[in-house]
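Protein chains in written order, with the working numbering: chain A, 1063 to 1287; chain B, 1063 to 1287.
Note that CB positions come from ideal geometry on N, CA and C, so glycine has one too.
Just so it is clear, the structure is predicted and the values come from calculations on it, not from any experiment.
Here the structure is laid out as structure tokens; the discussion comes afterwards.
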């Protein structure tokens, strides 16, 4: 069943939290635009957060958004997530920024994207803890495979080999902490989402032009220091 | 002219140095295998280097291969390249390892691969210097585009935008040193080579399965610390 790998709506596998759809971003962006020139109103009412956002999430964001611009950059995101999760590697942070970014500003994220990212990490944290049975703070290769499956990604064995080889330091046995688990999972999620966009009929294959192939992949790759 | 982007043999653009073909690796591997159990003979004669390899290249390799195994790992490669080029970022080193690796051992490279990598870097260094007209040690976005073109990669504008955005820190203007230039160029080279393998008729597009897409891309992405 090829399409189950995609975590599609046809899949029987549990669903991973979805990235906020474009239609969700659009009204937020209009809201951001109305902020220009009205810095005093930025945190009025919901402060740009979806209704029902937990106060600690709002607090984590506002604490690092010192200039009250309504946006935070990668270093601020790293700091904001520390209050609820941990201090993630900047590489993981950049991946999260890329996957949850405001589509109109690739270097900063706003309240709606932050809330969505926070909730996604909560879900992933729960999955990680479920598979870290001995509470060592690490999961091994087989647990990683099962954890990704629980998130809705049935990574094929050939791909899984390639993926795990990047974390096992040549030993054949990888122990992933939560940071690496998030990095690894977000790569699978991000690439799967991108590929799915090109495979509208869920055939498990897609025809890509050279240009679109490079454009899909390059954002995941390089990053300035 | 779609196929010119690929630096194919049909292209009129100057050719980038090719990765050693499989047929080139095969006899080398047999040579490595004959080394097992005969450590004293490893550097006898050509020492596994192609005939005509410059003595300084052989010296750079042997200096870091302290256990005389005939293979060097990423840290040894970083050190070996310092003697002729510079101390590259470990991220760049890993990319070079991946692109020039011994196909039978993904974590180490041997003399033939090292010689090929050294010569490729020499060619890239010459291109970099040609475009760094003011000898500042950096090239800007437009020079990068021209330099990649000189290497045979006519990166389409949409891709180039994505690529450069990762190096310009949000300023719109990037200044790449030789390290970043190599990283950036090797990403383009590596992904182009992979895509070309799937586009045998040089149409500029290829049909990829979800599995093969992930397998093509993931090795470029994650790396253990």
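| Query | Result |
| --- | --- |
| Contact set between the segment 1189 to 1219 of chain A and chain B, restricted to residues whose Cβ is under 7 angstroms from the partner | 1218 |
| Backbone secondary structure at residue 1268/A - three-state DSSP | strand |
| Cβ pair residue 1289/B, residue 1238/B closer than 8 angstroms | Coverage of chain B is limited to positions 1063 through 1287, which leaves residue 1289/B absent and any answer about it impossible. |
| Selected residue, minimal CA-CA separation from residue 1245/A, among 1128/A, 1150/A, 1143/A | 1150/A |
| 8 angstroms contact criterion, which residue 1187/B and residue 1240/B should meet: CB distance rounded | 7 angstroms |
| Cross-chain neighbours of residue 1266/A in chain B, by beta carbon under 9 angstroms | 1271, 1272, 1273 |
| Residue-chain proximity (residue 1280/B, chain A), Cβ-Cβ < 8 angstroms | yes |
| Buried or exposed (CB count within 10 angstroms, at least 16 for buried), residue 1282/B | buried |
| Beta-carbon spacing of residue 1177/A, residue 1190/A below 8 angstroms | no |
| Cβ of residue 1150/A within 8 angstroms of any chain B Cβ | no |
| Residue 1143/A to residue 1212/B span [Cα, whole Å] | 44 angstroms |
| Residue 1110/B versus 1133/B, 1273/B, 1126/B, residue with shortest Cα-Cα distance | 1133/B |
| Limits of the unbroken alpha helix (DSSP H) element including residue 1154/B | 1152 to 1162 |
| Residue-chain proximity (residue 1126/B, chain A), Cβ-Cβ < 8 angstroms | no |
| Outcome for residue 1219/A when other beta-carbon atoms lying within 10 angstroms are tallied against a minimum of 16 | exposed |
| Min CB distance residue 1154/B to chain A below 8 angstroms | no |
| Contact belief for residue 1174/B with residue 1270/A at Cβ below 8 angstroms, rounded distance in angstroms | No, residue 1174/B and residue 1270/A are not in contact; Cβ-Cβ is about 33 angstroms, not under 8 angstroms. |
| Beta carbon of residue 1250/B nearer than 8 angstroms to that of residue 1273/A | no |
| Any chain A beta carbon closer than 8 angstroms to residue 1119/B | no |
| CB of residue 1179/A within 8 angstroms of CB of residue 1158/A, strictly | yes |
| is_contact[residue 1244/A, chain B] using C-beta, thresh 8 angstroms | no |
| Listed by chain order, chain B residues near residue 1283/A by CB distance under 8 angstroms | 1228, 1249, 1282, 1283 |
| Cα-Cα separation, residue 1114/B to residue 1185/B | 17 angstroms |
| Buried versus exposed call for residue 1205/A [16 or more other C-beta atoms within 10 Å across all chains shown] | buried |
| Where residue 1199/A sits in the DSSP three-state scheme | coil |
| Min CB distance residue 1257/B to chain A below 8 angstroms | yes |
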